[in-house]
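>
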DNA sequence: GCGATCGGGTGGAACGTTCCCACCCGACCG
DNA sequence: CGGTCGGGTGGGAACGTTCCACCCGATCGC
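Residue numbers (the numbering used here), protein chains in the order written: chain A, 118 to 453; chain B, 118 to 453.
1. Could you tell me which chain A residues have their CB closer than 8 Å to the CB of residue 219 (chain B), listed as they occur along the chain?
2. In or out: residue 393 (chain B) buried (at least 16 other Cβ within 10 Å) or exposed?
3. Check whether the Cβ of residue 154 (chain B) lies closer than 9 Å to any Cβ atom in chain A.
4. When burial is assigned at 16 or more other CB atoms within 10 Å of the CB, is residue 122 (chain B) buried or exposed?
5. If distances are taken between C-alpha atoms only, which option among B:426, B:441 and B:446 comes closest to residue 261 (chain B)?
6. Can you tell me which of B:190, B:179 and B:442 puts its alpha carbon nearest to the alpha carbon of residue 313 (chain B)?
7. The beta strand (DSSP E) spanning residue 178 (chain B) covers which residue range?
8. In angstroms with no decimal places, state the Cα-to-Cα distance between residue 310 (chain A) and residue 435 (chain A).
9. So, with DSSP's three-state summary, where would you put residue 186 (chain A)?
10. Using a 10 Å radius around the Cβ and a threshold of 16 neighbouring Cβ atoms, would you call residue 211 (chain A) buried or exposed?
11. Okay, do the stretch 149-157 of chain B and the stretch 184-198 of chain B touch, 3+ Cβ pairs below 8 Å being the bar?
12. Classify residue 451 (chain B) as helix, strand or coil using the three-state DSSP reduction.
13. Curious, which full-length alpha helix (DSSP H) runs of at least 4 residues does the stretch 354-428 of chain B contain?
14. Taking only beta carbons into account, state which residues of the stretch 159-171 of chain A come closer than 9 Å to chain B, listed in chain order.
15. Could you tell me whether the Cβ atoms of residue 406 (chain A) and residue 345 (chain A) are closer together than 9 Å?
16. Determine whether the beta carbon atoms of residue 396 (chain B) and residue 388 (chain A) lie at a separation below 9 Å.
17. Taking just the CA atoms, how far does residue 160 (chain B) sit from residue 76 (chain A)?
18. For residue 113 (chain B), which residues does DSSP report across the bridge?
19. Considering only the beta carbon of each residue, do residue 292 (chain B) and residue 323 (chain B) sit closer than 9 Å?
20. Taking a contact to mean a Cβ-Cβ separation below 9 Å, would you say residue 207 (chain A) touches residue 416 (chain A) in this structure?
21. Compare the beta carbon distance of residue 133 (chain A) and residue 162 (chain A) with 9 Å and say whether it is the shorter of the two.
22. Since I believe residue 408 (chain A) is in contact with residue 441 (chain A) (beta carbons under 8 Å), could you give me their beta-carbon distance rounded to a whole number of angstroms?
23. Pop quiz: residue 267 (chain B) and residue 256 (chain B) are said to be a contact at Cβ under 8 Å. What is the actual Cβ separation, rounded to whole angstroms?
24. Could you pull out every residue in the same chain whose Cβ sits closer than 6 Å to the Cβ of residue 333 (chain A), ignoring the five residues on either side in sequence?
25. Just to make sure I have the definition right: I need the residues of chain B whose C-beta is within less than 8 Å of the C-beta of residue 238 (chain A). Which are they?
26. Excluding the five sequence neighbours on either side, which residues of its own chain have a C-beta within less than 6 Å of the C-beta of residue 288 (chain B), listed in chain order?
27. Could you please give the first and the last residue of the uninterrupted alpha helix (DSSP H) stretch that includes residue 302 (chain A)?
28. Under 7 Å Cβ-Cβ, which residues of chain B neighbour residue 402 (chain A)?
29. What residue range is occupied by the uninterrupted alpha helix (DSSP H) comprising residue 214 (chain A)?
30. What is the DSSP secondary structure of residue 195 (chain B), counted as helix, strand or coil?
31. Using a Cβ-Cβ cut-off of 8 Å (strictly less than) and excluding sequence neighbours within five positions of residue 328 (chain A), which residues of its own chain qualify?
32. Sort A:168, A:150 and A:424 by Cα distance to residue 129 (chain A) and report the nearest one.
33. Could you tell me which chain B residues have their CB closer than 8 Å to the CB of residue 176 (chain A), listed as they occur along the chain?
34. Residue range of the alpha helix (DSSP H) that residue 230 (chain B) falls in?
35. Show which residues of chain B have a CB atom less than 7 Å away from the CB atom of residue 355 (chain A).
36. Under DSSP, the beta strand (DSSP E) around residue 278 (chain A) begins and ends at which residues?
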């Protein structure tokens, strides 16, 4: 060991074990052949010294990091949290490490781009991006350098692979369910495209389908979750709609809170539906009616798609579209 | 640029800009002085080449990574998710990067230890650990090499710094609330210490306080969240308790689901309380009565405590204990 | 019995940065 | 007017691994 306080290196271990540093490297990297005798000498010397391998130096030298970068918009939400966990699980299964960058509610576009660039600087071999905010062109630039897979939101750019759910199918199916239960006039919350691509498209699908079915739609456009009270109050004043379809579970919860504040019962007086099907709102104790996205499947497939590109063969870009399932809860009641 | 397909390095940039590699390094690391002219020459050359800095090589050479490692037990839960996001936010504020490792529901102790060791191998300068599973002695060993802060669970070891909430205060206060509302017989779900240190101690505090107040306690020990139906059924048969206190919001939700399955209304027939105060159950739409832990504060302070140790001065180990606040919802009703 | 093969081993050159030291030169000081 | 200072610059030695070329002796097929 060196005199100073720095942690021991393979050279220190080699000296103590009486072998060359190459042997220590072989023991730890698992490449090349080592006799049982040498291996145990190295291992005991390492244990005595308290040696731990320097993964950075290793990948610096081998120019392989065995690491995937995951960016999620906000890990504290169940949607992205679930995606993050499945991805890191799957990556671990196939022998990759994961470096995670997460934003938060207050994160803006520049922050997200910076976080993404950080990941690239850390020499990740591939990038998994989960965010509705980043624009396609921003991603294309980065995808030129590092293989990139977008998960959880549609992406049609040629050079970017993506795995996502069919928002139109989901929105229409959920609208079917609401109409089936007898609702003839429905308020649909429709965020703008600048707020979220996924939410606006699923909400548009809901409205379109309802109209097709002859249901009257009260559209509320560009509504933000913080001020959902106003639209809800107006809905109650005009008194027409028997149901509110929100573009996400989170929005549905906000609507339910606003209704409750006015003494309106869900679903006896007004029905409410969400979208995403995230925990814990799917619990029977709450019973939110929603459209469940197969997030585990999305996460798993996104990792696999990225790996396929990394391991060579895979075509430049492929787009996998998954379907979800109806989560029929208690917040949408039958009307007569 | 080199002939092969490898990404450009500072040497390539230097050649193109007509300066030495030292200059390029200075421009990107911000250390040392560079004339405005040289800086712009370097920057344009870099842009033309599509150069991105290799963060690994940089920290390899400087033996400083500017990176903190965060381990959370399961990022998909709101509790750990919140902790993770606040920590990464705070770290970003003070100029550190974060490498995250997350387990999942199926993660066992060995997996957690491996994940922790991975983080250390990646040369993080400090470790933030959020998990009720890891034993104190496992952590002490790792803390010897890398400064380590435990967040969200009590830790009394000498060499480990910790930031956590006072479980006894919280448990007792919540018990006070339930007793105040007139409940004279209460079922308390008490997990074993091997399941979770925090949950078992808060549950014990609840039971103790209720007994002090002359309330009859029906203890249910070592209950697991999957089979909460049995205890709930027995409670209904014996018919004594007017309230169930669960050791977490998640457990409370499971109890509510089990009650509903038997046609029992909450809170009209039986009251239920949780613990943690996590989103989205704190929404007025749901109104779960709980004890809210100041997770943002825990996360922020944990990062700051770690930084204090890194920047030298801080004492070997300090333990910060925070208090929570009552989240009075609607799931615990007044009884007469 | 002899070249080919193979398991086990060595030493040194990468990998892409940072950091230290040496150097130059113009400005300022006594 | 010589000496000192400091901004700007270049060269080379780290940093801790992996990987490659090479070496040695034992076994193998013929």
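Glycine included, each C-beta is placed from N, C-alpha and C at the ideal position. Computed from a predicted model, the values in this text were never measured in an experiment.
Let me spell this out:
1. 201, 202, 205 and 217
2. buried
3. no
4. exposed
5. B:426
6. B:190
7. No beta strand (DSSP E) holds residue 178 (chain B); the alpha helix (DSSP H) holding it covers 172-179.
8. 24 Å
9. strand
10. exposed
11. no
12. coil
13. 366-378 and 412-427
14. 167, 169, 170 and 171
15. no
16. no
17. This structure does not reach residue 76 (chain A), given that chain A is present from 118 up to 453, and the question cannot be answered.
18. Since the first and last residues shown for chain B are 118 and 453, residue 113 (chain B) lies out of range.
19. yes
20. yes
21. yes
22. 5 Å
23. 7 Å
24. 302
25. 169, 170, 171 and 172
26. 319, 322 and 323
27. Per DSSP, residue 302 (chain A) belongs to no alpha helix (DSSP H); it is in the beta strand (DSSP E), 302-307.
28. 370, 373, 374 and 377
29. First-last for residue 214 (chain A): 214-219, but that is the beta strand (DSSP E), not the alpha helix (DSSP H).
30. helix
31. 334
32. A:168
33. 173
34. 226-238
35. Going along chain B, no residue has its Cβ under 7 Å from residue 355 (chain A), so there is no contact; the nearest lies around 22 Å.
36. 278-282
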